[in-house]
Amino acid sequence: MDERIHEHAAVLVNWSARVSEGDNVVVSVDEGAHDLAVAVAAELGDVGANMSVQYGSSEVGRAYTKAHDGEFEESSHELALYEAADVVLRLGGGRNTSADADVPAETRQASMQAAQGVREAVMATDWVSTVHPTRSLAQQAGMAYEEYQEFVYDAVLRDWQELADEMAEMKAILDEGSEVRLVKEDTDITMSIEGRTAVNSAASVAYDSHNLPSGEVFTAPYDTEGEVFFDVPMTLRGTRVQNVHLTFADGEVVEYSADQGEDVLGEILDTDEGARRLGELGIGMNRGIDRFTDSILFDEKMGDTVHMAVGRAYDANLPEGEAGNDSAVHVDMITDVSEDSRMEVDGEVVQRNGVFRWEDGFEG
C-alpha cells in the first residue's frame with residue numbers, strides 16, 4: 004500500500020478527529036475508498052477505539068430511492084447507530100460522480116427531509132469527512148490518476164498547525180466585525196455577522212473543523228442583501244451547474260439563474276423555507292490547493308476564493324441557545340476573487356484581488 008495512505012489515515016484519526024481510547028467510531032466507507040478504510044482501521048485499533056464500519060454506494064442509493072414510493076420514514080435503526088457514536092469518519096471515493104443524476108427531484112427532496120434527524124445526529128458527533136483519491140474523482144477533476152493522487156496528498160499532508168496560526172487572523176477580524184461586503188463583477192452583496200463566531204477550519208474538531216483537507220474561515224451570515232455571481236463550475240446532485248447568479252432581499256433569494264443546471268439550482272432552493280437563506284460565508288485560505296477540481300471539499304478551501312452556502316447554518320458559528328438558519332440542505336457555491344474584487348468588514352478592506360491585508364502585495 005502507498006505509504007501516503009497510512010499518513011492520511013494517521014492525520015485523520017489523530018489530528019482531525021482526535022480519537023481516544025474507548026471512543027465509539029462509525030467509519031462510513033464509499034466505493035473506491037477501501038485502502039484508506041484499511042489504514043484507518045489499523046489506526047483505530049492502535050488507539051483502542053470501538054469501530055463500526057458502514058459501506059456505502061451512490062449506485063445502491065440510487066436503486067433504492069428510484070424504486071421507493073416516495074413516502075420515506077426516518078430510519079430509526081440508523082439513527083440509533085449515530086446517536087451512540089462519539090466519532091463519525093466519512094471516507095469519500097465513488098465510482099460514478101453522477102450516479103444519482105436521474106433520481107426525480109421530488110423523490111430526492113423527500114429522502115433528504117426524512118434523513119434530517121440522522122444528519123443532525125451525525126453532526127452532534129466529532130465527525131470528519133475526507134476523500135480517498137479515486138479514478139472517478141480524477142476524471143471529474145480533469146486530471147490523470149497519478150496527478151490527482153499528488154494533488155490530494157499535497158492538500159492533506161501538510162503542517163496544519165502553521166495554517167491554523169495564519170487563519171486565526173481572519174477569524175479575529177470576523178469575530179469582531181458586524182458586516183461583510185463583497186464586491187466584484189456582477190456581485191455586490193452585504194451580510195450581517197454581528198454576534199456570530201467564525202470558525203478557524205484547520206482540519207480538526209479541536210477547531211470546530213470537520214473536513215480533511217480544510218483551510219478556510221467561515222461564519223453564519225444573516226440579513227443578506229444584494230447580488231452575487233458564482234463563477235466556479237460545480238457538480239450538484241450529479242448535474243453540472245455553471246455561472247450561478249443569486250439576488251437577495253430581506254435575507255432570502257428572490258431571483259436566481261444559471262447558464263447551466265438552473266433546474267437543479269431551483270430544486271435546491273425549493274427544498275424548504277431555509278434553503279433560500281444563507282447558512283455560511285466561507286473564505287478560502289489553503290494556498291496548497293492550486294486548481295479547481297469540481298470537488299467542493301477542495302475547491303471551497305482554495306486561496307483566492309469565497310464561498311457561500313444556502314441552507315443550514317452550523318451550530319459552531321452560533322451563540323449558545325441561539326438558532327441559526329435551519330434547512331435540510333447545505334449547498335456551497337464558489338466565486339473567484341483573484342481579480343477585480345474586494346472584501347470589506349465594517350467598511351475596511353481586508354482582502355483585495357485575493358490578497359489579505361497582512362500579506363505582501365496587498366493594496367489598501
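Taking this note's numbering, the leading residue of the sequence shown gets 4, the next gets one more, and so forth. Note that CB positions come from ideal geometry on N, CA and C, so glycine has one too. This one's a predicted model, so the numbers in the text were calculated from it and none came from an experiment.
Own chain, CB closer than 8 Å to residue i, minus 5 neighbours either side, in chain order
i: N214; result: V131, S132, T133, S204, A206, L300, K304
i: V309; result: L185, L284, G285, I286, G287, I337, T338, V340, M346
i: E426; result: The displayed coordinates of the chain run from 4 to 367. Any statement about residue 426 would go beyond what the structure contains.
Boundaries (first-last residue) of the alpha helix (DSSP H) holding residue i
i: W361; result: No alpha helix (DSSP H) holds W361; DSSP gives it neither H nor E.
i: I271; result: 265 to 272
i: K69; result: 61 to 70
Contact set for residue i: own chain, Cβ-Cβ below 7 Å, skip 5 residues either direction
i: F233; result: V247, M336, I337, T338
i: S374; result: Given that the chain is displayed from residue 4 to residue 367, the structure contains no residue 374 and the question cannot be resolved.
i: D262; result: Q245, N246
i: M126; result: none
i: A316; result: A223, G282, E283, G327, N328
i: G120; result: E77, L82
i: E258; result: T250
Neighbourhood of residue i by C-beta, 6 Å cutoff - its chain only, sequence neighbours within 5 removed
i: G95; result: D33, V134
i: A52; result: V22, D26, V28
i: E62; result: A102
i: D226; result: S195, G254
i: D273; result: none
C-alpha distance - residue i paired with residue j, whole-angstrom precision
i: V256; j: R279; result: 5 Å
i: D178; j: S217; result: 20 Å
i: D343; j: G367; result: 13 Å
i: T200; j: F295; result: 28 Å
i: A36; j: N356; result: 37 Å
i: V16; j: D49; result: 10 Å
i: L140; j: M194; result: 34 Å
i: P322; j: A223; result: 11 Å
i: Y148; j: Q142; result: 8 Å
i: Y156; j: L84; result: 31 Å
i: V352; j: A326; result: 30 Å
i: S79; j: V220; result: 35 Å
i: V348; j: N328; result: 22 Å
i: D105; j: Y151; result: 27 Å
i: G73; j: P107; result: 10 Å
i: M237; j: D266; result: 14 Å
i: A117; j: E123; result: 11 Å
i: G291; j: F365; result: 20 Å
i: E197; j: G229; result: 18 Å
i: Y58; j: D191; result: 44 Å
i: G153; j: G64; result: Before going on, a small fix: residue 153 reads as Glu here, not Gly. Approximately 30 Å, taken between the alpha carbons.
i: D293; j: G145; result: 14 Å
i: G350; j: T250; result: 21 Å
i: V159; j: V30; result: 19 Å
The beta strand (DSSP E) enclosing residue i, as first and last residue numbers
i: T242; result: 242 to 252
i: H333; result: 333 to 339
i: I196; result: Segment: none, I196 is in no beta strand (DSSP E) and carries neither H nor E.
i: L284; result: 281 to 287
i: V309; result: 308 to 314
i: L160; result: Taken as a continuous stretch (DSSP letters only), L160 belongs to no beta strand (DSSP E), as it is neither H nor E.
Counted within 10 angstroms of its Cβ, other Cβ atoms place residue i as buried (16 or more) or exposed
i: W361; result: exposed
i: E46; result: buried
i: D354; result: Reading off the sequence, residue 354 comes out as Gln, not Asp. Answer is buried; the Cβ neighbour count reaches 16.
i: A235; result: With the sequence shown as reference, residue 235 is identified as Val, and Ala is not the correct amino acid for it. Classification of V235: buried, given that the 10 Å Cβ count is 16 or more.
i: K174; result: buried
i: K187; result: buried
i: E270; result: buried
i: A40; result: buried
i: A252; result: exposed
i: D162; result: exposed
i: D363; result: exposed
i: H11; result: buried
i: D302; result: buried
i: D168; result: exposed
i: A88; result: buried
i: D38; result: buried
Test: residue i CB closer than 8 Å to a CB of chain D
i: T193; result: In the displayed structure, chain D is absent; only one protein chain is listed.
- Are three or more beta carbon pairs between the stretch 5 to 21 and the stretch 106 to 118 nearer than 8 Å? Touching, no.
- Three-pair Cβ contact test at 8 Å for the stretch 135 to 143 versus the stretch 80 to 99: Result yes; three or more Cβ-Cβ pairs closer than 8 Å.
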